[in-house]
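This report refers to the structure that appears directly beneath it.
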Amino acid sequence: MKLFKKSLYIAAAMLVSFVSVQCKDGKKKETSTEVAKTVEEVTITKESFGTTEDHIPVENYILKNSNGMEVSVITYGGIIQSLKVPNKNQVIEDVVLGFNSLAQYEKPNPYFGALIGRFGNRIAKGKFSLDGKEYTLATNDGENHLHGGPEGFHRKVWTASEKQTEHSASLVLSYLSKDMEEGYPGNLKVEVTYTLTDKNDLAVSYSATTDKKTVLNLTQHSYFNLSGDFSKTILDHDVTIDADKYLPVDATLIPTGELRDVTGTPFDFREAKQVGKEINSDNEQLKRGLGYDHCWVLNGKEGEIAFAASAYDKASGRMLEVYTNEPAIQFYTGNFLDGTLPSKQEGTYGHRTGFCLETQHYPDSPNQKDFPSVVLEPGQNYKSSTVFKFSVK
Ligand code: GLA
């Protein structure tokens, strides 16, 4: 902290002296503005985002880095409400779908920007067994359980605390999910930390402990549109996914258990490819998902942080790279967006105006013995990390 303050003073001193030299030399004002930009400081500000229907106050934390990149996170659902990122001309625009009001987030919506728990993605028929005991979860996607259930983590008000260093701003969110909440065993203590760094990285780190054997699969459900213009679709974004295999699904979007080779299919994103290039091809799996809504099995070694996927919008020059230690990633192309939800900008969110890259374990893992385990036991520490890295090219 001392070091941080000291360097701020140095930065401020440099700015003052530079500006005064500029004044003596009679150079243009713009020059000093540019300099001011380079010494912009990391900040965290907090403001009210209203109160829930149950009268619980909700805060909005705005983390800003020295490049002017900014992320707003609300304590309701740990939702990334906005993410403002520079384009190739240094114009800073919002690149995530969401709403301007809390009331809108409290109405049914497709998990815009939310933290998802206890289980990202689907569990078949909302049932699983642990040590011979069957658990029944709340179902909210036909006969299946999706994204932690109707009262999942996306609808909880989290407790927040801030952390700041010279080059990063963090928000630590915590939540205690009580034994049998939405049908899951164990009192689960969860902590999620969002960290924005001066490298334009947004890191999301998850940790959790339980007092009873349970299952856990946390993720983040942001919808990106790197153009910054939510009236545009994401079909012209170039996407790569570092995966040789993906998980085909049945008619209810539950994995069949097969790990299918992507070679020669519309699911091959090993080389950058426009999202729209093959999305409407005559392919049984694309028809099931109404587009891409599948889990890819990442090539990286499980447990080690590695490159998972990227998306690039040529017009703005914005590039997003995703790194994770999770074994899989769900790529969802906003197929259910249908122009009924109000945009933060003008109008509504049309079909495929946002895409999600949800790092996670495989869907339905509690019921599929050959999938990597999602079991968390008392005494173990659940750890998961994902980094959304922004740049321009
Ligand atoms: C996930 C699912 C989709 C859909 C969205 C939310 O990504 O895989 O099928 O439910 O969330 O609408």
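Positions -23 to -1, 1 to 370 (mature numbering (1 follows the signal peptide of the UniProt record, and there is no 0)) are the ones given, in order, by the sequence shown.
Ideal placement from N, C-alpha and C gives every residue a C-beta, glycine not left out.
Per DSSP, the beta-bridge partners of K140 are S147. Taking C-beta separations shorter than 7 angstroms and ignoring five residues to either side along the sequence, the partners of N276 in its chain run D219, A220 and D221, following chain order. Rounded to whole angstroms, the gap between the alpha carbons of T172 and S145 is 7 angstroms. Of the residues G94, E17, A288 and C272, the one whose Cα lies closest to the Cα of E143 is E17. Between S361 and N312, the C-beta gap is not smaller than 8 angstroms, which leaves the two residues out of contact. Counting C-beta atoms within 10 angstroms of its own C-beta, V68 has fewer than 16 neighbours from the protein chains shown and is therefore classed as exposed.
What you get when you keep residues with a C-beta closer than 5 angstroms to any heavy atom of ligand 1 is P87, D270, Y309 and F313. Rounded to whole angstroms, E70 and L60 show a C-alpha spacing of 8 angstroms.
Under the three-pair Cβ rule at 8 angstroms, the stretch 230 to 239 does not count as touching the stretch 285 to 295.
By the Cβ neighbour-count rule, A80 is exposed, with fewer than 16 other Cβ atoms within 10 Å of its own.
Separation of D341 and L195 (C-alpha to C-alpha, rounded to the nearest whole angstrom) is 13 angstroms. Its chain contains S293, G294 and V369 as the residues whose beta carbon lies nearer than 7 angstroms to that of K65, once the 5 sequence neighbours on both sides are disregarded; these appear in chain order.
Note on Q337: 16 or more other CB atoms within 10 angstroms of its CB, so buried under the neighbour-count rule.
With contacts defined by Cβ atoms closer than 8 angstroms, N117 and I100 do not form a contacting pair.
Setting aside the 5 residues that flank it on each side, A228 is surrounded in the same chain by R265, each with a C-beta closer than 8 angstroms to its C-beta; the list follows chain order.
Annotated three-state conformation of Q357 is coil, per DSSP. Distances from the CA of L123 to each of I93, Y112 and V134 were compared; the closest alpha carbon is that of I93. Ranked by Cα distance from G316, the first of K254, F207, P232 and Y300 is F207.
Annotated three-state conformation of S362 is strand, per DSSP.
DSSP places G27 in the uninterrupted beta strand (DSSP E) bounded by T20 to T28.
Nearest to D31 by C-alpha distance, out of Q357, V62 and R132, is R132. In the three-state reduction of the DSSP assignment, Q345 falls in the coil class. DSSP, reduced to helix, strand and coil, places Y171 within a strand of the structure shown.
In the three-state reduction of the DSSP assignment, R237 falls in the strand class, which pools E and B. Nearest neighbour of N42 by Cα position, chosen from P232, A283 and K176, turns out to be K176.
When the Cα atoms are used, F201 and Y326 turn out to be separated by approximately 12 angstroms.
Between the alpha carbons of V169 and Y183 lies a distance of about 5 angstroms. Assigned with DSSP and collapsed to three states, A220 falls in coil, not helix or strand.
Annotation for Q197: the continuous beta strand (DSSP E) segment containing it runs T196 to H198. Taking C-alpha positions only, V352 is separated from G324 by approximately 43 angstroms. In the DSSP assignment, Q337 falls within the unbroken beta strand (DSSP E) covering C333 to Q337. Here the alpha carbons of G163 and I33 stand approximately 25 angstroms from one another.
Under the DSSP assignment, R265 falls outside any beta strand (DSSP E), being part of the alpha helix (DSSP H) whose first and last residues are E261 to G266. For T29, the CB contacts under 8 angstroms within the same chain, skipping 5 residues up- and downstream, are V35, Y53, L79, E83 and V134 in chain order. The shortest C-alpha to C-alpha distance from L224 to any of T210, L263, D213 and G253 is the one to L263.
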